[in-house]
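Student: Quick note: the sequence shown uses the numbering used here, first residue 796, plus one each step.
C-beta atoms are modelled at their ideal positions from N, C-alpha and C, and glycine is treated no differently.
This one's a predicted model, so the numbers in the text were calculated from it and none came from an experiment.
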Amino acid sequence: MNLALWLHRAGLSHGDRPALGLGARVIRRYGEVAGRAAKLAATLQQKFGLQPGERVAIAAKNCTDYVELMFGIWHAGLAAVPANAKLHGRELGYILQHSGARICFASDGLDAEIAPHAPSTLERLIVIGSRDYEALFAAEPIAPWPRDGNDLAWLFYTSGTTGRPKGAMLTHRVLAAASFAYASEVNPIAPGSPLLHAAPMSHGSGLYMMAHVARLGVNVVPESSGFEADEVMQLIDAWPGTSMFAAPTMVKRLVKCDAQCDPDHIKTIVWGGAPMYVADARAAIDRFGPRFAQIYGQGESPMTITTLSKQEIADRDHPRWAERLGSAGRPFGCLEVTIADGDDRALPTGETGEILCRGDVVMPGYWNNPEASAAALRGGWLHTGDVGAFDAEGYLTLKDRSKDVIISGGSNIYPREVYLAARGRGNPARAHKRPRGLGDRAARSAMGRGRRRLCGRRRRPRRARCAVPQWHRAVQAAEGLRVRECAAEEQLR
Ligand code: AMP
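Next comes the structure, spelled out in structure tokens:
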């Protein structure tokens, strides 16, 4: 099934319903957006000669055009390659080259950034909103091109922790499963429900766009094209029943924002993509009320591994409320999640190991990267690279990224443990400085704990040794929880 059918049908049955909002205004209705997607599809196929399955890139800041572009690309049987507008031109060039996209739609200004790095395979770089862009909608509309669920719909480039970005292949089936999961377990959508795209549409926020189209919601883009706390407050007031995806750093900025909004206008703020400290979650609930849900996912299983529902977050009287708030919730219904040791053996409840998952929402592999695909999907399970543990009630707590692990003296050191060990001994601000002697002792203690937790089966515990550079890396990686937040902050700038 082609996802393009969702917009196509909405255009047929509810052409007069609002589909797109820019700032506080409705700017397009479903009939118009569906018509534009069908015309764009005709141009892509007939004028540009793109064949079903070919890739079309979008390197754009958030804009309302994103919806017609994504659905137009699918309508033509093509695959979209949304790229983060904050990437350097060189990185965008790499994505264009690796995906083999012959056409790229870019925000005004980004075209100049991309042009010097554009690969020879790129035939057209079209500025969204330009005259050339508008000319694409002059063709006679065509019918949605038939697609199988296993056909590629979205090539999702993830930066990962090492190496070059990898393109997670998200098929029509994967995106449909993620959309159903969102609409049934995170945030049921009524017609007219606004979804505010303050987070990047090339990433998490965009992944919720399809469900809102399927359910006749309104995809709303701030005039700033991104996240400005004051503007978000105004838009919440302008759009009663607003939902949005927000990285924890965005939630924190909203909590601190001096501007006011009517919290009753917020339907659901979904946080995820990075750890949220319990204190921050509490502060957010105190300010805006029980209007939050959490998701844990990654590009390879888009927005869909576990969720902590709005009801669970609202249930302050529950004896384990605070504990649950510190977890990433329970697995979505559409997939299996397990915890495994370094040899992929399932670990008992309560033990810490790598989080693996499998199900319809998991990517079938990385684009043109059989080695990485085989490694990530070995044994039929997606190896998330995240480390966590289930409690007896089935709630998953994330602990670390396994890719940040340091192996020293034959032991796995999880950086967070090293950091916490250092913190436990003194001033955390001085942890970077590694006072003489303290680092080794702290590292030893962390390694001891790491060995007990993760390598308990090893019969021959070894004497822990930790070289100075490794210690620094450990602390830096342990700081990763914050570093990732800083990176997210950077993306929002
Ligand atoms: P990406 O593929 O860029 O979306 O990054 C996904 C990564 O973000 C995951 O593998 C986790 O390490 C992290 N992440 C996502 N959701 C959460 C969450 N709710 N809590 C903590 N970390 C998260």
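(1) For residue 919, count neighbouring C-beta atoms within 10 Å of its own C-beta (all shown protein chains included) and say buried if the count is 16 or more, exposed if not.
(2) Could you tell me the alpha carbon to alpha carbon distance between residue 1104 and residue 981, rounded to whole angstroms?
(3) Between the C-alpha atoms of residue 848 and residue 950, what's the straight-line distance to the nearest angstrom?
(4) Note down, one range per segment and in chain order, each alpha helix (DSSP H) of at least 4 residues found wholly within the stretch 887-929.
(5) In terms of residue numbering, what span does the beta strand (DSSP E) encompassing residue 816 cover?
(6) Taking 8 Å as the threshold, find out whether the stretch 995-1004 comes into contact with the stretch 1121-1141 through three or more Cβ pairs.
(7) Alpha carbon to alpha carbon, what distance is there between residue 1040 and residue 1117?
(8) When you compare the CB positions of residue 860 and residue 924, do they come within less than 9 Å of one another, or not?
(9) Give me whichever residues DSSP pairs with residue 1014 in a beta bridge.
(10) If we count the other Cβ atoms within 10 Å of its Cβ and call it buried at 16 or more, is residue 807 buried or exposed?
(11) Going by DSSP, what residues sit across from residue 1131 in a beta bridge?
(12) Who are the Cβ neighbours of residue 988 in its own chain at under 6 Å, not counting the five residues just before and after it?
(13) Are the stretch 870-888 and the stretch 836-850 touching by the rule of at least three beta carbon pairs closer than 8 Å?
(14) What separation, rounded to the nearest whole angstrom, lies between the Cα atoms of residue 804 and residue 898?
(15) Give the DSSP-derived three-state secondary structure of residue 1044 in the structure shown.
(16) Grab the span of the beta strand (DSSP E) containing residue 963 for me, first residue to last.
(17) Straight-line CA distance for residue 792 to residue 1115?
(18) Quick one: which unbroken alpha helix (DSSP H) runs of 4-plus residues sit fully inside the stretch 1071-1135? Chain order, please.
(19) Using 8 Å for Cβ pairs, my map puts residue 905 next to residue 855. What's the rounded Cβ distance?
(20) Does the pairing of the stretch 823-839 with the stretch 1049-1059 give three or more beta-carbon distances under 8 Å?
(21) Starting from the C-beta of residue 922, find all residues in its chain whose C-beta is less than 7 Å away, skip the five residues before and the five after it, and write them out in chain order.
(22) Could you tell me which of 831, 1096 and 1043 sits nearest to residue 1079, measuring between CA atoms?
(23) Mark residue 1047 as exposed unless 16 or more other C-beta atoms lie within 10 angstroms of its C-beta, in which case mark it buried.
(24) Kindly indicate the opening and closing residues of the beta strand (DSSP E) around residue 853.
(25) With distances taken between CB atoms, is the gap from residue 883 to residue 908 smaller than 9 Å?
(26) What residues are listed by DSSP as bridge partners for residue 1032?
(27) Smallest Cα separation from residue 1027: which of 881, 1009 and 990?
(28) Any idea if residue 943 is buried or exposed, counting beta-carbon neighbours within 10 angstroms, 16 or more meaning buried?
(29) Distance, Cα to Cα, residue 843 vs residue 979?
(30) With a threshold of 8 Å on Cβ separation, who are the neighbours of residue 1034 within its own chain once the five nearest residues in sequence on each side are excluded?
(31) Are the beta-carbon atoms of residue 976 and residue 1099 separated by less than 9 Å?
(32) Report the option in 1158, 936 and 1109 whose CA atom is closest to the CA atom of residue 1085.
(33) Could you tell me the distance, in whole angstroms, from the CA atom of residue 970 to the CA atom of residue 825?
(34) Report the three-state DSSP secondary structure of residue 1001 (helix, strand or coil).
(35) Would you give the residue range spanned by the alpha helix (DSSP H) that residue 952 belongs to?
(36) Could you check the C-alpha separation between residue 1031 and residue 1138 for me, to the nearest Å?
Tutor: Considering the structure as presented:
(1) For the purposes of this step, residue 919 is taken as the residue at position 124 of the sequence shown. Exposed is the call here.
(2) Within the sequence shown, residue 1104 is the residue found at index 309, counting from 1. Within the sequence shown, residue 981 is the residue found at index 186, counting from 1. Going from the Cα of residue 1104 to the Cα of residue 981 covers about 6 Å.
(3) As a working mapping, residue 848 is identified with position 53 in the sequence shown. As a working mapping, residue 950 is identified with position 155 in the sequence shown. For the pair residue 848 and residue 950, the Cα-to-Cα distance works out to about 11 Å.
(4) Segments of the alpha helix (DSSP H) lying fully in the stretch 887-929: 905-909.
(5) In the sequence shown, counting from the first residue as 1, residue 816 sits at position 21. Element bounds for residue 816: 813-817.
(6) With the rule of 3 Cβ pairs closer than 8 Å, the stretch 995-1004 does not count as touching the stretch 1121-1141.
(7) Here residue 1117 corresponds to residue number 322 of the sequence shown, with the count starting at 1. Here residue 1040 corresponds to residue number 245 of the sequence shown, with the count starting at 1. C-alpha of residue 1117 to C-alpha of residue 1040: approximately 22 Å in a straight line.
(8) Residue mapping note: residue 860 aligns to position 65 of the sequence shown, counting from 1. Residue mapping note: residue 924 aligns to position 129 of the sequence shown, counting from 1. Against a cut-off of 9 Å, the Cβ pair of residue 924 and residue 860 comes out as a contact.
(9) Your numbering for residue 1014 matches position 219 in the sequence shown. BP columns for residue 1014 point to 815 and 990.
(10) Counting from 1 along the sequence shown, the entry for residue 807 is found at position 12. Answer is exposed; the Cβ neighbour count stays below 16.
(11) Your numbering for residue 1131 matches position 336 in the sequence shown. Beta-bridge analysis with DSSP links residue 1131 to 1153.
(12) Along the sequence shown, one-based indexing puts residue 988 at 193. Result list for residue 988: 1012 and 1036, in chain order.
(13) Yes, the stretch 870-888 touches the stretch 836-850.
(14) Against the sequence shown, residue 804 aligns to sequence position 9. Against the sequence shown, residue 898 aligns to sequence position 103. Cα to Cα, the separation comes out at about 27 Å.
(15) Here residue 1044 refers to the residue found at position 249 when the sequence shown is read from its first residue. In the three-state reduction of the DSSP assignment, residue 1044 falls in the helix class.
(16) Position 168 of the sequence shown, counting from 1, holds the residue named residue 963. Segment 961-966, the beta strand (DSSP E) holding residue 963.
(17) Since the first residue of the chain shown is 796 and the last is 1288, residue 792 is not available in this structure.
(18) When DSSP assignments are scanned along the stretch 1071-1135, the uninterrupted stretches of alpha helix (DSSP H) that are 4 or more residues long and fall wholly within it turn out to be 1073-1083, 1105-1109 and 1116-1120.
(19) The residue given as residue 905 occupies position 110 in the sequence shown. The residue given as residue 855 occupies position 60 in the sequence shown. Indeed they touch by this definition, with Cβ atoms about 7 Å apart.
(20) With the cut-off at 8 Å, the stretch 823-839 and the stretch 1049-1059 do not touch.
(21) Within the sequence shown, the letter at position 127 stands for residue 922. In the same chain as residue 922, and ignoring 5 residues on each side of it, the C-beta atoms closer than 7 Å to its own belong to 901, 903, 906 and 928, in chain order.
(22) Stepping through the sequence shown from its first residue, residue 1079 is reached at position 284. Of the listed residues, the one whose Cα sits closest to residue 1079 is 1043.
(23) Here residue 1047 is taken as the residue at index 252 of the sequence shown, counted from 1. The residue in question, residue 1047, is buried, as its Cβ has 16 or more Cβ neighbours within 10 Å.
(24) Looking up residue 853 in the sequence shown gives position 58. That run of the beta strand (DSSP E) goes 850-854.
(25) Translated into the one-based positions of the sequence shown, residue 883 becomes position 88. Translated into the one-based positions of the sequence shown, residue 908 becomes position 113. For residue 883 and residue 908, yes; Cβs fall inside 9 Å.
(26) Start at 1 with the first residue of the sequence shown, and residue 1032 comes out as number 237. Note: residue 1032 sits in no beta bridge, so no partner.
(27) Within the sequence shown, numbered from 1, the residue matching residue 1027 stands at position 232. Comparing Cα positions, the closest option is 990.
(28) Here residue 943 is taken as the residue at index 148 of the sequence shown, counted from 1. Exposed, because fewer than 16 other Cβ atoms sit within 10 Å of the Cβ of residue 943.
(29) Within the sequence shown, residue 843 is the residue found at index 48, counting from 1. Within the sequence shown, residue 979 is the residue found at index 184, counting from 1. C-alpha separation (whole angstroms): 39 Å.
(30) Counting from one through the sequence shown, the residue named residue 1034 turns up at place 239. Closer than 8 Å at the Cβ level, and outside the excluded window around residue 1034, lie 816, 819, 989, 991, 1013, 1015 and 1060.
(31) Within the sequence shown, the letter at position 181 stands for residue 976. Within the sequence shown, the letter at position 304 stands for residue 1099. Against a cut-off of 9 Å, the Cβ pair of residue 1099 and residue 976 comes out as a contact.
(32) Residue numbering aside, residue 1085 sits at position 290 when the sequence shown is read from its first letter. It is 1109 whose Cα lies nearest to the Cα of residue 1085.
(33) Sequence index remark: in the sequence shown, residue 970 carries index 175 (1-based). Sequence index remark: in the sequence shown, residue 825 carries index 30 (1-based). Spanning the two alpha carbons is a distance of roughly 21 Å.
(34) Translated into positions along the sequence shown, residue 1001 becomes position 206. Residue 1001: helix per DSSP, three-state reduction.
(35) As a position in the sequence shown, residue 952 is number 157, starting the count at 1. From DSSP, residue 952 is part of no alpha helix (DSSP H) but of the beta strand (DSSP E) over 947-953.
(36) The residue you call residue 1031 lines up with position 236 of the sequence shown. The residue you call residue 1138 lines up with position 343 of the sequence shown. Cα to Cα, the separation comes out at about 48 Å.
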